[in-house]
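Peer 1: This is the structure I want to talk about, given as structure tokens.
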Amino acid sequence: MITVDTTARKYRLISLFIASLGILTLLMADIEISATDPMDELLAILAGFISPDLSQIDYLAEALLTTVSFAVVGISIAATLGIFLAPLHHLPLISHFCAFIRSIHELFWALIFLQMFGLSSITGVLAIAIPYTGIFARVYSDILEQSPLDRRHWINDTSLSVWLYSCIIPCWAAIAQYTRYRFECGLRSAAILGFIGLPTLGYYLETAFSQGQYNQAAGLLLLFFAMIATLKWWLNIRLVLVYLIAAIVYLPWQSQLEFKYLVRFITQDIVPQPLLEPTLNLSHLSQWFGDLVSGQILPGIGASLLLSVSALLCCGVIALLTWPLASRAILGRGYILGHGLLIVMRSTPEIILAFVIMLIIGPSMLPAILALALHNGAIIGYLLAHRADKLPRRVDRPNGLNLWAYELQPQIYPSFISLIFYRFEVILRESAILGMLGVTTLGFYIDSAFEALFFDVALILILVTAALNMLVNSISLRLRRYLALDRILTA
Amino acid sequence: MKYLLLCCLLFVSSINAQTFTFTAIPDEDESRLRSRFDKVALYLTEQLGVDVKYLPVKSYSAAISAFRNNQVQLAWFGGLSGVKARHLVEGSRAIAQGYEDQFFKTYFIAHHSTGLTEQAQLNKDIAKFTFTFGSKGSTSGRLMPENFIRQTFGKSPNKVFKRVGFSGDHSRTIAQVQSGAWQIGAVNYKVWHNELNAGKIDLSKIKVIWTTPTYPDYQWTIRGDVDQQFSPDFSQRVQKALLDMSEPSLLASFPRQKFVPATNDDYQPIKLVAKAIKLL
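Line by line, the protein sequences are chains A and B.
For the first sequence, our numbering begins at 1 and goes up steadily by one.
For the second sequence, our numbering begins at 1 and goes up steadily by one.
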């Protein structure tokens, strides 16, 4: 007798697994809430949002144009390379390479290139182009795999036109849609690059926020929200080439750095210092490395994992709670409000979310967990709502609460689990940049090493972060296979 | 083709133009930093007779990297960042410091709920509370307070306090201690007085509980190769231009009452502390 499992047993199992792991890490994590009196500061922030002000910001137009230009050029390069890498993504070498380059946060790429090219457009564009190439290659290959055409057909005939017409064109709609979504992320990344000194919106946002000039901070944030919310009107796929040329012409390309400094960075700065001593002293080297492992790498890995797994659970809960708010099928026209809420949640940089939450509940790992959860939960919520609204409508379908609970939620649950797995990778990467809360993730130590100009230490820590990310990635791939989720498109 | 030509032109002009560039660590009032320092650049252009530009940076390490890579030839550094920069660039010299930098100090500030009061010595009771530094690379917000904490307790800050953080900069340290998010913080005394005068500090919520002994801090550091790059007495002329700066609106950018001469040796105490804490 053949039995077919038509129940959701696997999904229940995996949900239980994520939930219990999340609760366990929440119990182990440092989530103390301390009493504060944040009213004055919160009122000041609120007052800022009531009267946002952009008039005090010099070079605002430059910041806006640079942000868009970095995103346009960076994403264009990444999408192009991604398309060419996608058909090769089944090769282990390529897929590992792609996993490696996307596992390093764009801020860390930027910090590396900062040493090689200074504060220049090359730094900004490469910091976006490189990790996004890894992302595009993987997702495009997922899309191509689901192409209705037989793949052997085009592998045997390797001519470009066969590949283009039999493979790319049939998937064009899905590819274009995904690229558009990623452009939004690219804009966010470009803005955040300002935090380390590139002249984008984040440059002024960070200044205004750290100086407590909340009218300006609010003005900049609202401007950024508006930019994202109106994306679908100004990002026309037919205009991409025009934008690209305009951006390339607009950005200043000359690097102020001499070649010898680049050579010095590669041959001296990033080499572990004990190796540069005139005579190789093995005991010195092993002590240097041992101190690094016990003092930074192991505690860093521990804190990063605790933070990420706890944030993953909270992120899932937030996504499940918020997606119905942005679904037209459930709320009708009211969905616009939820849609706006999700834009605000996902476009506010995590570091600012964490700062505001910390004012309210005091410093611990909790503000970092919540900031990551709100940001990523909102992204998943948005994607789920989008997916739910595209489901075919049955004539006899219920409405309201029943529609949500019995019709839509069960149907999009596989997408939800699939997105959660993918987002874990992102959360782990982003946990790196919340070191300011005194949460000693790997990113905290990387930031400290860059700040102290110990580039050798920074590089080793970045490689450890990448290895951890790739490990997590391969585990999540296995779980997805188990669930047969790899047939569900990720985003 | 037009664009290609344009790019070539830009490239060529960037090689030929002998621009003297300076930067300043982003430590004091950061608002309108660029337009304020563009004025300083204008002043230096007039005094030196070469094109002077200001390069804005976001962090101490970016300022040091720019100096090391000859992207800037002159920089307004903090004590620690200056020591590091001079350590990395052979021949570079401290040429001027603010009048106040000869005897700089850090305030330890506390939220009123701690019940701590101002004392002449560092109160050992602070160990019960949470503590935040400013930026990781700051002299007044990190290096010197950490030094005095180590002297008092004989161990590193994260073993002394209940929790230790880095707020990112002095203004945020004040805002976060005032809101009670952190109970104690270490802050640059000039920033504290600026914010006090601007009405941003509520003394019923937050107060100074200890003032550190004085130490040398901010200074102008110049690369050793500028005399070959520009003219034989160029560094002397830069020093003179800085010492002669008297316009209050220019000095307010730092903010200092005037600049006085400085040498590398003035910063020996900072260097020793940085080595002891393994930040150098």
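All residues carry an ideal CB built from backbone N, CA and C; glycine is no exception.
Does any CB atom of chain A fall closer than 9 Å to the CB of residue 16(B)?
Peer 2: Residue placement at residue 16(B) cannot be trusted, given a pLDDT of 43 that sits under 50; what the coordinates show is reported in the next sentence. For residue 16(B), the answer is no, since every Cβ of chain A falls outside 9 Å of its Cβ.
Peer 1: Would you report the Cα separation of residue 417(A) and residue 15(A), rounded to the nearest angstrom?
Peer 2: Whole-angstrom Cα-Cα distance: 8 Å.
Peer 1: Determine the closest residue to residue 425(A) out of 228(A), 51(A) and 312(A), with distance taken between C-alpha atoms.
Peer 2: Per the Cα distances, 312(A).
Peer 1: Straight-line CA distance for residue 261(A) to residue 69(B)?
Peer 2: Distance between the alpha carbons of residue 261(A) and residue 69(B): 6 Å.
Peer 1: If the cut is a Cβ gap below 8 Å, which residues of chain A does residue 75(B) touch?
Peer 2: Correct list: empty, because the minimum Cβ distance to chain A is about 14 Å.
Peer 1: Does the region 64-84 of chain B come close enough to the region 251-269 of chain B to have 3 or more Cβ pairs within less than 8 Å?
Peer 2: Output reads yes: the region 251-269 of chain B touches the region 64-84 of chain B.
Peer 1: Might you give, ordered along the chain, the residues of its own chain that have their beta carbon closer than 8 Å to the beta carbon of residue 168(B), omitting 5 neighbours on each side?
Peer 2: If we look at residue 168(B) and ignore the five residues flanking it on each side, its Cβ neighbours are 134 and 135.
Peer 1: Apart from the five residues just before and just after residue 319(A), which ones in its own chain have a Cβ nearer than 6 Å to its Cβ?
Peer 2: Hits under 6 Å: 377, 380 and 381.
Peer 1: When burial is assigned at 16 or more other CB atoms within 10 Å of the CB, is residue 39(A) buried or exposed?
Peer 2: Residue 39(A) should be labelled exposed.
Peer 1: Here's the rule I'm using: 16 or more other beta-carbon atoms within 10 Å means buried, otherwise exposed. How should residue 214(A) be labelled?
Peer 2: When all chains shown are included, residue 214(A) counts as buried.
Peer 1: Along the alpha helix (DSSP H) that carries residue 466(A), what are the first and last residues, could you check?
Peer 2: Residues 455-482.
Peer 1: Name the DSSP beta bridge partners of residue 200(B), please?
Peer 2: DSSP lists no partner for residue 200(B).
Peer 1: Near residue 420(A), which residues of its chain fall below 6 Å by C-beta distance, leaving aside the five closest residues on each side in sequence?
Peer 2: Around residue 420(A): 316.
Peer 1: Return the residue from the list 44(B), 87(B) and 63(B) that minimises the CA-CA distance to residue 265(B).
Peer 2: Closest by alpha carbon: 87(B).
Peer 1: Just the chain B side, please: which residues come within less than 8 Å of residue 195(A) by C-beta, in chain order?
Peer 2: Residues of chain B passing the Cβ test: 58.
Peer 1: Looking only at its chain, what residues have a beta carbon closer than 8 Å to the beta carbon of residue 166(B), apart from the 5 residues adjacent to it on each side?
Peer 2: Here the set comprises 132, 133, 134, 135, 136 and 142.
Peer 1: Is it true that the region 53-62 of chain A meets the region 104-118 of chain A, where meeting means three or more beta-carbon pairs spaced less than 8 Å apart?
Peer 2: Result no; under three Cβ-Cβ pairs closer than 8 Å.
Peer 1: Between residue 475(A) and residue 465(A), what straight-line distance do the alpha-carbon atoms span, to the nearest angstrom?
Peer 2: Cα to Cα, residue 475(A) sits roughly 16 Å from residue 465(A).
Peer 1: Are any of the Cβ atoms in chain B nearer than 9 Å to that of residue 489(A)?
Peer 2: Here the model assigns residue 489(A) a pLDDT of 46, short of 50, so the residue's position is not dependable, and the following value carries that caveat. No, residue 489(A) lies away from the interface with chain B (no Cβ there is under 9 Å from its Cβ).
Peer 1: Can you tell me where the alpha helix (DSSP H) with residue 227(B) in it begins and where it stops?
Peer 2: Looking at the DSSP string, the run of the alpha helix (DSSP H) that includes residue 227(B) is 226-229.
Peer 1: Terminal residues of the continuous beta strand (DSSP E) containing residue 127(A)?
Peer 2: Segment 121-145 is the alpha helix (DSSP H) holding residue 127(A); no beta strand (DSSP E) there.
Peer 1: Beta-carbon of residue 364(A) versus every beta-carbon of chain B: anything under 9 Å?
Peer 2: Closer than 9 Å: yes.
Peer 1: Mapping the DSSP letters down to three states, classify residue 268(B) as helix, strand or coil.
Peer 2: The answer is helix: DSSP assigns residue 268(B) an H, G or I state.
Peer 1: Per DSSP, which residues does residue 219(B) bridge with? Please list them.
Peer 2: Answer by DSSP bridge pairing, in chain order: 77(B) and 97(B).
Peer 1: Counting contacts by CB-CB distance shorter than 9 Å, is residue 258(A) in contact with chain B?
Peer 2: Taking Cβ atoms only, chain B reaches closer than 9 Å to residue 258(A), which makes this a yes.
Peer 1: Using CA atoms only, rank isn't needed, just tell me which of 366(A), 335(A), 270(A) and 338(A) is closest to residue 460(A).
Peer 2: Residue 460(A) has its Cα closest to that of 270(A), out of 366(A), 335(A), 270(A) and 338(A).
Peer 1: Answer yes or no: does any C-beta atom of chain B fall closer than 9 Å to that of residue 152(A)?
Peer 2: With a pLDDT of 48 at residue 152(A), under the threshold of 50, the modelled position of that residue is not reliable, and the figure given next carries that caveat. Answer no: the Cβ-Cβ gap between residue 152(A) and chain B never drops below 9 Å.
Peer 1: Once the 5 residues before and after residue 1(B) are set aside, which same chain residues still bring their CB inside 7 Å of it?
Peer 2: Because residue 1(B) sits at a pLDDT of 44, beneath the cut-off of 50, its placement in the model cannot be relied upon, and the following sentence gives the value as read from the coordinates. Nothing meets the Cβ criterion.
Peer 1: Only counting the same chain, and skipping five residues up and downstream in sequence, which positions put a Cβ closer than 6 Å to that of residue 152(A)?
Peer 2: Residue placement at residue 152(A) cannot be trusted, given a pLDDT of 48 that sits under 50; the coordinates are not used to answer.
Peer 1: For residue 84(A), count neighbouring Cβ atoms within 10 angstroms of its own Cβ and tell me buried if that reaches 16, exposed if not.
Peer 2: Per the 10 Å Cβ criterion, exposed.
Peer 1: From what residue to what residue does the beta strand (DSSP E) around residue 270(A) run?
Peer 2: Segment: none, residue 270(A) is in no beta strand (DSSP E) and carries neither H nor E.
Peer 1: Looking at chain B, is there any beta carbon in it that lies within less than 9 Å of the beta carbon of residue 24(A)?
Peer 2: Answer no: the Cβ-Cβ gap between residue 24(A) and chain B never drops below 9 Å.
Peer 1: Anything in the region 143-169 of chain B with a Cβ closer than 8 Å to a Cβ of chain A? List those residues in chain order, please.
Peer 2: So the list reads 163, 164, 165, 166, 167, 168 and 169, given in the order they occur along the chain.
Peer 1: Rounded to whole angstroms, what is the Cα-Cα separation between residue 8(A) and residue 174(A)?
Peer 2: About 28 Å.
Peer 1: Against chain B, with Cβ distances strictly below 9 Å, would residue 119(A) count as a contact?
Peer 2: Answer yes: the Cβ-Cβ gap between residue 119(A) and chain B drops below 9 Å somewhere.
Peer 1: Counting contacts by CB-CB distance shorter than 9 Å, is residue 70(B) in contact with chain A?
Peer 2: So, interface residue.
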